[in-house]
Amino acid sequence: MTALAAARLGYRCHVFTPETDGPAEQVCAAATVAPYTDKAALARFARAIDVCTFEFENVPFESLAVIAARVPVRPGVRALRVSQDRLREKAFFRSIGVGVAPYRAVRSAAALARALDAVGRPAILKTTRLGYDGKGQLRIGKRNDAREA
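The end of the sequence shown is residue 665 by my numbering, with every number in the run present.
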């Protein structure tokens, strides 16, 4: 957790979190507890900090943009936008010469069957957004798994 590491280094952190008593709140000097969509709370938060960072990619882009209009955000909001969509992320990596595993975008069962024929099995079916730490993923091994997915 970034806040815990920062606290150990002597930084006084202020966390924006939608949950009361979240883990970061317990190690931070201050907390703003509000939904990510609360623009007034985001503005208050931005006025109380010098710089902002985020620990995971599921922070709404629009929320971070409100903060970025007031203080530096590192990594920048573009990094968040790229990391929020797996297809956009893979395209970005390819554009800068970073190798990625074979993949196909699928939006139907028929497209999934064609993709599996192209990339082979076993394969991992992933959501394009809001997946993390194995969430939003399904391992496909046998031929009939494509229909079940």
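Beta carbons: idealized from backbone N, C-alpha and C, even for Gly.
Owing to the predicted nature of the structure, the values given are computational and were not obtained by experimental measurement.
In the three-state DSSP reduction, residue 570 falls in the coil class, being neither helix nor strand. Using a Cβ distance threshold of 8 Å, residue 590 and residue 598 do not count as a contacting pair. In the DSSP assignment, residue 639 falls within the unbroken beta strand (DSSP E) covering 639-642. Between the stretch 547-556 and the stretch 576-594 there are three or more C-beta pairs closer than 8 Å, enough to call the two in contact.
At a Cβ-Cβ threshold of 8 Å, residue 530 and residue 581 do not count as neighbours. Under the DSSP assignment, residue 563 falls in the alpha helix (DSSP H) whose first and last residues are 555-563. Per the DSSP secondary-structure output, residue 546 pairs in a beta bridge with 530.
Under DSSP, residue 654 shares a beta bridge with 641. Between residue 548 and residue 557, the C-beta gap is smaller than 8 Å, which places the two residues in contact. Assignment of residue 589 by DSSP, reduced to helix, strand and coil, places it in the strand class. One thing to note: residue 646 has its Cβ no nearer than 8 Å to the Cβ of residue 656. The beta carbon of residue 546 is closer than 6 Å to those of 530 in its chain, skipping five residues each way along the sequence.
If you look at residue 616, you'll find it isn't in any alpha helix (DSSP H); DSSP assigns it neither H nor E. Within the same chain, and ignoring the five residues on either side of residue 562 in sequence, the residues whose Cβ sits closer than 6 Å to its Cβ are 583, 586 and 587. Residue state for residue 536 is assigned as coil, using DSSP reduced to three classes.
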